[in-house]
Every structure is written in structure tokens, then in C-alpha cells.
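Okay, structure first, notes after.
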Amino acid sequence: MVDTKLSRRGFIKASAATAALASAGTVGFNEWSSEYVKAGANAEIKEIPSTCNACSSKCGMIGHVKNGRLWKLTGHPDHPYSKGKLCARGHGYATVVYSQDRLTQPLKRVGEKKFEPITWEQAYKEIAEKLNKIIKEHGPQSVALTEDPRASGKFYSPRFINALGSSNYYTHHVVCSNSRDAGFLHTVGVTATSADISNAKYIMFIGRSYGDGIRPSSVQALASAKDNGAKIVIVDPRLNNTGNLATEWLAIRPGTDLALVLAMSHVLIKENLHDIEFIKNYTIGFEEYAKELKKYTPEWAEKITGLPADAITRISMDMGKAKPKALIEQSWRGAFGCNYENSTETGRAVAMFNALLGNYQQKGGSIFGGKPSLGKLNKEKHPNPKEPEAPKAGSKEFPIAYPNNGVATIVAKEALEGKMKAAIYYHSNAALGYGNPKVMKEALSKMDLVVAIDVQMSETAQLAHYVLPEVTYIERDEVIEGLSGKIPGIAFRQQMVEKVHPETKPIHEIYTELAKVCGVGQYFNFSLDELNEAMLAPTGITYKQLREKGTIMFPNEEITLGKMKELKTPSGKVEFYSETYKEAGFKPIVEWIEPKVSPADDSFRLITGKQAIHSHTQTANIPILMQITKDYDLERIWINPIRAKALGIKDGDMVELKSSEATSKIRVKLTERIHPEAIFVPSHYGITSKDLKTGQGIGFGYMEHVPFDFEKWSGAGNIHEVIVKVRKVNG
Amino acid sequence: MARYGMVIDTRKCVGCYACRVSCQMQNELPVEESYIKFYEKETGVFPNVKNEIIPVQCQHCEDAPCVSVCPTKATYTTKEGIVLVDADKCIGCKYCMVACHYGARTQDHNTGVVEKCRFCAELVAEGKQPACVSTCISNARIFGDLDDPNSEVSKAIVKMNAQPLRPDLGKAKIYYVR
Ligand code: SF4
Ligand code: SF4
Ligand code: SF4
């Protein structure tokens, strides 16, 4: 952690003159500061721009490196996500570079959770031999690679698995935004729009909380929308931490967001508040859709959602009047990323509601961002691997899922069926986070080869045959990242400090070297610098300039609002009616779908969500962040006092929480901020790996209670389809 | 001469702890030690509930009780109104911790020195904003010169009628909007 030798006291003591001034009594700040500035000259402080890795936003940041050691971070002022600020995770996660629990050498498993260090050569050789043998015996489709993508991974990981002849590349979205992505994709042609929050007059969030799942610039935008008098409505079974910036909280019954959106759409059309011009020019299938919507009245929705019909009508009408500067924010994992059996359909209904408002590509509405045009490697010199012929495993079962995400848990399913033989996990704790850990463990144990590439001994790494230690993001350069948005740009992650552990390697090096030993090195015959230079070529920016600036935006390429482009849907328009759905055997028009399970009078639905200080379980082992959890008992579950009283449970009590899958013990936070039907558990805890000493044993992992399942449309994990009972216990 | 102060707008604070962590890193604090504490105030009954988050740190009081009780004059107020602790003089007697109305002081377990928010004197000396202010993700914090009526902080105090957390406990230099 922080170097105590260079403490703030060290700072002051560095100047004897300062001490002398201080002992003279009350010191003028000006005298003090001029002495301080002189004293500061002793420490060499470098400011190195790079990008954060504490969440998928990858904000631009500036590392302040004091005498070769990372001291602190500040937000990159030019980066569109940080805008000069970083969240708590962004500041704190960087300390992973000095973590006591880092992986420092390649490891080979020699028994249950027993590992011995091996050399890189041995690791590459044995992994390559096994991979080649599996491919020879079972074909390339018996091998899969899964990651939580970052810039280098996005380029190298699919290339690596394709080079082996397999199309099985997967991302973490199966427990993130697979549902939303699929719903949006088949309605507006992209998996997500962005929201022009600061110009909006009426904003609705469904399960999405800017104050908990933070991107600093989004919170700033929302705060300024509030300053400008925007109406901000939060739809969530719990009053999340964005509540302070909201004007209204709709405490919806969990799992019923689709009913709300359908009824709101009904009201817009019934009251003639939909954008008829937009619908005529840019959509298909409106008539059929409008007909279907007739039955979804606010009164119907009131019975399902528990929200007053009046409120539904009022809000829909106000949004209709504020259009096009009104929107339902596109969300991320929120309430319909991967949560319920009806989540993909909720995503679709939301994209359609925004179309009714005609807010696409309008100021204060939903935006299709522009992408920077970046170069590529010369294909003659650096051939791409052949496109694998066989389709990705899972694409037949889930044809609606966004192909680039895939359905990552299909790897586990096929492993259990004996079809999947090898899996590589990079920057991914799939065994703990993607599906029920018991099932995931069984699945991983069935495979002939599991390789984990990580910076710490995750639960997935514990189950791997080989563990390859990566350098942290503080110690590596990466592939340049293109930023799409109203103004496109590029951001670059670069090395800030020397490698702390000499036997760790950056991911591009690991893939390049492993590919060579696997016999497919011809697809990796370039250096990272060559790749980045090729990407930069059309921009006219030099690599040196990018290293100095870190983030560079292209204001000349700003997109023009007010103009709709042809969409990437089959019809080129917003699709109220989807042929793709029909062909896949689904109803082409959105309709109400019940959640899979419903709590009874004596049980609850277990729901989960983010806290501002953590990212998945990735930050649970970071002392400076976990200390906040400890100081404020943030691992507790939330229960509404009415329900707790009936069960004889008081604030702070220990309870036993039981589902069809597991039993956990946990303390309770009583709060009026939660729907009586739900229990909320933050999604960041329940580390079981004993090598993660800070995180282990705090809270429980909600995934332990989630049955291993696939949502019918997008294959997402249905992580809120869980019923639990609680009872007070001692402890 | 400048007299520094801050506004914290609790109507904007989302309780994200970014200020706490950036402060710890700026000041190279051990993980257990923090200059900013958070209080939550929930009011109402489901579903008509409000939740207020109040970040509290050293309020840089005028006539600060911690300064008057310090037997070694380790705690002192600069001419600009910043209350600072001279680590070399602190004997760890904790009188100041008892005297502080806001529980703003913490003791370093390794050295015994008592510490607290120092308005990021190093950064301010370089003309920069304190770490907690520059990183505040919802712009809930504003820092500047209270004596300059045109400073952002002075204007915010007037416009939003910001008040010290406990006006009854004497004048302070952090003003809250609630
Ligand atoms: S939102 Fe926070 S964690 Fe995510 S990239 Fe930005 S600073 Fe890092
Ligand atoms: S002003 Fe500086 S020392 Fe005080 S709380 Fe903010 S960051 Fe910490
Ligand atoms: S950074 Fe700002 S919004 Fe976050 S807890 Fe601190 S004061 Fe509140």
C-alpha cells in the first residue's frame, strides 16, 4: 500500500525551514507554502496519462508517480468519461499493483487448490501440447476463451481463439447486459445508445443507478440536469444512491419493469403524444405494435407493478410533452441487463418507448455515437487468422443474443455435457460470478484444460490447471482504445511504473508467445507498438503525442444531432415488428412476459446491485476499498422494517438466508429504502479464495443462490429469478 | 489574504466515497485512517423516503477548540484560516480529539500523531483544488476564498444559503447545503 516513509509528515519534514517556521508559532500559509514548494523539489514526481481498469468505463486518468512509485491518481480532464474526476474504485483499485496477494509466477495445479510454480517455458509448452491434443481429438470447437474485455483483450483474445480454429469467444455480458444488448440490437441496430443527459428535461432510470455504478461524467451530467430543472425519475425496488439527484422514486415490484414500460407506451399512443413524424419516417411495424399495446393500460400495470395507475399516466404524459428531450436511459446491467426472464423484452420495450418519443439522435435524447476511424495492420504482412467455419457454441440455442458477446455460460453447460474440453479465462472470474459457483466448479472440473490469466488468485484461477500471472494495468501498455460518442476520440493505457514482479507479463506478450508455441505464431508476427502505430496512422497523431496526452478527442468529427442515420437493423429502421424474432421462433411484437418465479407471503425475491466503491468482485481484495465496507457494514442485506418486524428481525441482527441453492449467514440493514417483497444484497462480496486475504469471508456471493439458468431470448443469467427465506439466528 | 473555505451540497452527494479515497491517497494515509466520515439520515416510510448523505471532515473552525486545548501548540491556525497539525510537536495526548465537536480527528496507529483534514495545503499552495473537491463526481464540493465575494464558493454560499453543519457550535469554514 502507501509508502509510509513518504507520508505527509515526511513531506513537511523534508524542509527543515518549514519546521523552523512552524515552531515560531502561527505560520503564514504563504511562507509555509513557498517552503513547501522548495521541499517538494526533492521528490521526483511524474504525471503519466493512462486509463483506469477498475470498471468497464476505462476512464482516462493521470498517474502521479513519486520516486518511481505510484502515489495517487487524478481524472484525465479530456477523457469523456472521467472529465477530470475518478470514482473511489478508480483511485483505490490502482493499489492492486502493490497488493500482497498478487500472482507472481506461472503456476501449475498439482492437487485440490494446490499449485507449484513453473517457468513460462514449461507453462507454454504444456498448455500448447494439451490444446493441440484436444483440438486434434475433439475439434477446435471444444475450446473456448472468455474475458471481461479491455482494450488489449478485445483485440488479442478473439484473434487467439480464432487462430486455434475456434469461434468460441465469450464476454462477461451474460451476467451484465446480454438482455439489454439483444433487445436494443433487434430494435435499433446497436446494443446500446448513449443518453444526452445534461440536455434532457425528463429522464427515467430503470434499475440503473449513476451514483452506484459510476461513470464520473454521467454523474456530473445528471447533477447539471438537476440544476437545470430536469425531472429525474428512478424506477427501482430500492431507493439507490442516485436518489439524491432524483425528483421521484417509483418503488416498483421487482421483475415488473416491462409492464410499466408497456403501459407508458400505451399512454403515449392513447394520448396522441407519440412522435408521429418520426414514426412515419424511421420505424416499421407501428400499427401492429399499437394494436398489441391496447391491452396494456395503466390500471393493468398497477396490478402487476404495484405503482399507482395515476402516476404511470402522469409521468408518461409529462414525458410525451417534454419529447424529444425525454428518455428512458438505456441502462447497463440495471434492471434488465441479465436479471429476469423478461429482461430482453424489457430492453426492447425501452428502445421502442424512446422511438415513440422520437428522441433518437436528438438533443436531450438517445444518441448513436460516432466512432473514430483507426487504421489496421497490413494484412499482407500480418495475416488475420481464418474465420472459423463452425458457429460459436450457443448461437443455435440463443440466436437473438448479440453474437460478439455470445453466451459465456454455454461453455460450462457444454463442459458438463462432455462437449467442451478446454477453456481459457482472461481477466474473468467466471467461476464465482457468471453462474452458480457449484455448477461452475463442477463444469470446470470436467474439462481437460482450464487456463486462467489474472493478477490475483481468483476462484476461477483456483480451479484452473494453469495460472498465468499478468502485470497489472499500472505496469503495462495496451492496444489503443477507440472512444465512440458525440465526439469520438482515442485513449491509451500505458505503463506508469516498472514491473513489480519480474516474472509477470502483459497480456499481449502472453498471447503472442503462447501462439508461437501452439504453432500459430504467424498470426502474431507484430509488436504491440507496430499494432498501435498502424491504428494511429490515419489520424495523423504520432505515438509520442499519444503517450504525452493519453486521451485525444476529435472535435472535428462531432456527430450532427437532429439527423437520423440508416440503422443497422434488417429494415434500416427502428423495428416495432421484428422478422428476426419471428424467424428465431419468438413473437415479433413485444408482449408482457411473467418473471419466472414469484415470492410468496413468507419469502422474498433476492435482488442485487452495485455499490460505488466496488466493481463486481474484482475490488473485494483491495484493502483501501474493503475498509469502507468494513467501516460502514456495507455487506449487509437490506430488508424492509415491515417484513423484518413480522419475522422478529432487528437492525444489525444475524440472519440465515436460504434459497433452493444455498444457505448463507449475514447481518441485516433495516431500511425503508427497499420494497417489502425484495431483499437486496450488494454484488461484490463472498470471496472464497483463501489467497485473497482481504476479501475472503466478508459477506456472501449472491450467485451462490442463483440457479444455473439461461434466459430464453439472450441466454443471460436470470440473476434475479431467486426466491429466499430468512430467519433470525445467533451470531 | 485569502481565507479558505468549502461548500458541501448534500443534495448532490451520492455517497460514493471518491473523496475519502482520493484524500487517503493524496495524504498517504493508512487504509484504516480517513479524514472524511459519512453520516446517513433516512427519513420517511416506504415508498416516501429520503436519504441524505453528509460527508464530514475538519470544519476548520474559527476559534477552533482543538487549537486552544493543544498543550504543545502542535495544532495551529494559519493566517488563511487553515487548521494544521505540526507532526513534530504532536505528543499524541488526544486532548484535541476530545475537544473536536465533529469527531474529525483520527490518530495514526503507527506514530501516535493526531491528524485530520488539512484542506490539502500542499495542493492549495500550488494553486490547485483539494483532492476531494477536484474528484467529487457530482460537483457537490466547492472550494475557494471566503473573503472574495466573487469566488465560486462565496457565491454558492449566498445563492444556496449554505450554513455551517452546527451553527450553534461556532463559526466554521465548511458550509453545507441541505
Ligand atoms: S468509472 Fe471509476 S472505476 Fe470506472 S473507469 Fe472511471 S474511474 Fe475507473
Ligand atoms: S481538503 Fe484535502 S485533506 Fe481535507 S478532506 Fe479534502 S482531500 Fe482530505
Ligand atoms: S465525492 Fe462528492 S458525491 Fe462522492 S461522497 Fe464525496 S462529496 Fe459525495
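Line order of the protein sequences matches chains A and B. UniProt numbering applies: residue 1 is where the first sequence begins, and numbers increase by one. UniProt numbering applies: residue 1 is where the second sequence begins, and numbers increase by one. Ideal placement from N, C-alpha and C gives every residue a C-beta, glycine not left out. All figures in this text were calculated on a predicted structure; none of them were measured in a lab.
Considering only beta carbons, the part of the region 22–40 of chain B lying closer than 8 Å to chain A consists of 22, 24, 25, 26, 27, 28, 29, 30, 31, 32, 34 and 38, in chain order.
Using a Cβ-Cβ distance cut-off of 8 Å, the region 667–680 of chain A and the region 601–614 of chain A are in contact, since at least three pairs of beta carbons, one from each stretch, lie closer than that value. In this structure the region 104–114 of chain A does not lie against the region 159–168 of chain B, because fewer than three pairs of beta carbons, one per stretch, are closer than 8 Å. Secondary structure at residue 4/B: strand, using DSSP grouped into helix, strand and coil. Here the alpha carbons of residue 62/A and residue 72/A stand approximately 9 Å from one another. Comparing alpha carbon positions, the residue from 357/A, 556/A, 491/A and 463/A closest to residue 271/A is 357/A.
Selection 220/A, 367/A, 692/A and 353/A evaluated against residue 290/A yields 353/A as nearest (Cα-Cα).
Selection around ligand 2 by beta-carbon proximity, strictly under 7 Å to any non-hydrogen atom, yields 19/B, 22/B, 23/B, 26/B, 27/B, 35/B, 36/B, 57/B, 58/B, 117/B, 118/B, 119/B, 120/B, 130/B, 131/B, 132/B and 133/B in chain order. Contacts with chain B at 9 Å (Cβ-Cβ) include residue 212/A. Distances from the alpha-carbon of residue 50/A to those of 675/A, 490/A and 696/A put 490/A closest. The region 251–266 of chain A and the region 295–308 of chain A touch, with three or more beta-carbon pairs separated by less than 8 Å. Among the residues of chain B, those whose CB is under 7 Å from the CB of residue 87/A are 16, 18 and 137, following chain order. Runs of the alpha helix (DSSP H) lying entirely within the UniProt domain "4Fe-4S Mo/W bis-MGD-type" (45–101) of chain A and spanning at least 4 residues, in chain order: 88–93. Setting aside the 5 residues that flank it on each side, residue 593/A is surrounded in the same chain by 258, 341, 342 and 345, each with a C-beta closer than 8 Å to its C-beta; the list follows chain order.
Around residue 486/A, the same chain offers 367, 369, 558 and 559 as residues with beta carbons nearer than 7 Å, after the five sequence neighbours per side are excluded. For residue 214/A, the closest alpha carbon among the candidates 137/A, 139/A, 284/A and 87/A is that of 87/A. Within the region 238–322 of chain A, the complete beta strand (DSSP E) runs of at least 3 residues fall at 248–250.
Counting C-beta pairs with one atom in each stretch, the region 9–16 of chain B and the region 126–141 of chain B have three or more that are closer than 8 Å, which means they touch.
Residues of the region 119–133 of chain B with a C-beta atom less than 8 Å from some C-beta of chain A are 121, 122, 124, 125, 126 and 131, listed in chain order. Taking a cut-off of 8 Å for Cβ pairs, the region 563–575 of chain A and the region 499–518 of chain A do not touch, as fewer than three such pairs fall below it. With the rule of 3 Cβ pairs closer than 8 Å, the region 232–239 of chain A counts as touching the region 196–212 of chain A. Taken in chain order, the members of the region 211–232 of chain A whose beta-carbon sits within less than 7 Å of a beta-carbon on chain B are 211, 214, 216, 219, 220 and 223. With 16 or more other Cβ atoms from the protein chains shown falling within 10 Å of its own Cβ, residue 427/A counts as buried. When Cβ-Cβ separations below 9 Å define contact, residue 180/A makes no contact with chain B. For residue 138/B, the shortest separation between its Cβ and any heavy atom of ligand 3 lies below 8 Å. One Cα belongs to residue 701/A, the other to residue 433/A, and the distance between them is close to 8 Å.
For residue 130/B, there is no enclosing beta strand (DSSP E), as DSSP gives it neither H nor E. Put simply, the backbone Cα of residue 105/B is about 47 Å away from that of residue 306/A. Scanning its chain for C-beta atoms nearer than 6 Å, with the 5 sequence neighbours on each side dropped, one finds around residue 43/B the residues 50, in chain order.
Put simply, the CB of residue 672/A is near chain B, with a gap under 9 Å to one of its CB atoms. Shown here for residue 415/A: same chain residues with a beta carbon closer than 6 Å to its own, the five before and five after excluded, namely 443, 446 and 447 in chain order. A distance criterion of 8 Å places the beta-carbon of residue 215/A in contact range of ligand 1, judged by its closest non-hydrogen atom. In the displayed model, residue 36/B falls within coil according to three-state DSSP, outside both helix and strand. For residue 344/A, the enclosing alpha helix (DSSP H) starts and ends at 343–356. In terms of beta-carbon proximity, residue 10/B lines the interface with chain A, with at least one pair separated by less than 9 Å.
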